[in-house]
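Numbering (our numbering), first residue to last: 4 to 419.
What follows is a short report on a single structure.
If you want it as structure tokens, here you go:
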């Protein structure tokens, strides 16, 4: 890609945002990293009677072994550790992330065909047979994401090697399907794996990832959007946004205009052609909705969608330099990333309720582990590459959030 803005790494200065990042870090310190991987040890067969005294006990909520959505929190945790090290120089967080990568290496050595997931591969085989399983690709994506971020932000080469070996399973599995079968499979919920394949293609140059990018493109969603059709209304919001991330990253690493057009039209139908609440959210009960007067409930503005739309706005800001994307991010930062985090405990709020008399519900830290809990860890750790950008001629500030940065051209410190 040419002429896009490049993010400049920054460190936060004292502000409400730095305070919330610190609250989030203290929240993270209360967890045992190895225990977050209990379900990975189970899947690798390492919780047998001879290892009983050495295996960690799982946490509650979605981390219970009988939950089909177990394991996503660990991926978010690794990503947050990696970013806190990269942006804030936090050595303790790097130590924790590195320790988790070591555990995943142990699990991969014990698993079959380099599998290193918190769920079994049979879950994917079931959705291929059109049998219900709750979002297996979503869970798998979070593990790949954590490994990729540990390499990208924390320089852990072992993390990249684990991800690269595991990816072969997905090449071999998708080899079995024709284009029509792949299209139906992606409609189940492909998570953000297309973005992972694009990241890994960029990091390794291996052609297998170019193949996987094409196979994980959700054509039944994006082709109608490209044709100018609203394919979003009443679709699950946080299924679709990570898939748009995949198109954005695919465009950046392949240069194929189809992927860029998919992102632009996704944004059009998600934001520009759709009303929003005063807070900036557009979804109710996790679905893209239009008539907001009929959608004032206690289940509006899921937090995962807030953070993921910030990320998509950041892509478009870097591509275009248009300030409207920074304005959108600002609204989401104040009315989502701040508003949906408990400023004292660090606990997350799954929804920002819009119905009369509704109250925020904070998710108990040890017994929920819902998707928004993990996303909050990542959101509060990720400011460092979304505030300052540059091209060959100038620097550009995205948000009024105090930071400092050092570049080859200048030392920059912003206080507001």
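Each residue gets a CB set at the ideal place from its N, CA and C atoms; glycine is no exception.
Small disclaimer: the values here were computed from a predicted structure and weren't measured.
Does the distance from the CB of residue i to the CB of residue j come in under 7 Å?
i           : j           : result
residue 335 : residue 283 : yes
residue 64  : residue 145 : no
residue 268 : residue 244 : no
residue 99  : residue 59  : no
residue 249 : residue 189 : no
residue 291 : residue 251 : no
residue 302 : residue 288 : yes
residue 352 : residue 307 : no
residue 390 : residue 402 : yes
residue 11  : residue 342 : no
residue 74  : residue 42  : yes
residue 83  : residue 304 : no
residue 344 : residue 312 : no
residue 101 : residue 27  : no
residue 354 : residue 66  : no
residue 34  : residue 349 : no
residue 169 : residue 117 : yes
residue 410 : residue 358 : no
residue 39  : residue 106 : no
Buried or exposed: which applies to residue i, given that a residue is buried once 16 or more other Cβ atoms fall within 10 Å of its Cβ?
i           : result
residue 141 : buried
residue 132 : exposed
residue 208 : exposed
residue 3   : This structure does not reach residue 3, given that the chain is present from 4 up to 419, and the question cannot be answered.
residue 396 : exposed
residue 114 : buried
residue 270 : buried
residue 385 : buried
residue 57  : exposed
residue 326 : exposed
residue 19  : exposed
residue 134 : exposed
If you follow the alpha helix (DSSP H) that residue i is part of, which residue opens it and which one closes it?
i           : result
residue 391 : Here residue 391 belongs to no alpha helix (DSSP H); instead the beta strand (DSSP E) covers 391–393.
residue 30  : 19–32
residue 62  : Unbroken run through residue 62: none, as it is neither H nor E.
residue 328 : 326–335
residue 137 : Unbroken run through residue 137: none, as it is neither H nor E.
residue 174 : 160–177
residue 230 : Segment: none, residue 230 is in no alpha helix (DSSP H) and carries neither H nor E.
residue 261 : 260–270
residue 184 : 182–192
residue 245 : 240–257
What whole-angstrom Cβ distance do residue i and residue j have, given they're in contact under 8 Å?
i           : j           : result
residue 96  : residue 87  : 4 Å
residue 309 : residue 340 : 7 Å
residue 71  : residue 122 : 7 Å
residue 15  : residue 321 : That pair is no contact at about 20 Å.
residue 174 : residue 215 : 6 Å
residue 157 : residue 234 : 37 Å between Cβ atoms; not a contact.
residue 246 : residue 224 : 7 Å
residue 185 : residue 218 : 5 Å
Span of the beta strand (DSSP E) holding residue i?
i           : result
residue 407 : 406–409
residue 416 : 414–417
residue 122 : Element bounds for residue 122: n/a, residue is neither H nor E.
residue 1   : Shown here, the chain extends from 4 to 419; a query on residue 1 therefore has no answer.
residue 399 : 398–400
Report the rounded CA-to-CA distance for residue i versus residue j, giving the unit in angstroms.
i           : j           : result
residue 167 : residue 297 : 46 Å
residue 356 : residue 194 : 25 Å
residue 108 : residue 161 : 8 Å
residue 110 : residue 316 : 36 Å
residue 119 : residue 164 : 12 Å
residue 346 : residue 377 : 16 Å
residue 256 : residue 128 : 30 Å
residue 260 : residue 398 : 27 Å
residue 273 : residue 367 : 31 Å
residue 48  : residue 294 : 49 Å
residue 13  : residue 154 : 19 Å
residue 202 : residue 414 : 30 Å
residue 406 : residue 176 : 45 Å
residue 150 : residue 331 : 29 Å
residue 222 : residue 171 : 23 Å
residue 148 : residue 388 : 17 Å
residue 46  : residue 139 : 14 Å
residue 226 : residue 182 : 14 Å
residue 417 : residue 400 : 9 Å
residue 32  : residue 25  : 11 Å
residue 211 : residue 232 : 32 Å
residue 277 : residue 286 : 10 Å
residue 254 : residue 206 : 15 Å
residue 126 : residue 69  : 13 Å
residue 455 : residue 124 : Residue 455 falls outside the range modelled here, since the chain spans only 4 to 419, and no answer is possible.
residue 62  : residue 6   : 46 Å
residue 112 : residue 89  : 28 Å
The ligand COA and residue i: does any heavy atom of the ligand fall closer than 6 Å to the residue's C-beta?
i          : result
residue 17 : Only the bare structure without any ligand can be found here, which leaves the ligand COA out of the picture.
Quick check on residue i - is its C-beta less than 7 Å from some C-beta in chain C?
i           : result
residue 240 : Looking at the structure shown, chain C is missing, and only one protein chain is on hand.
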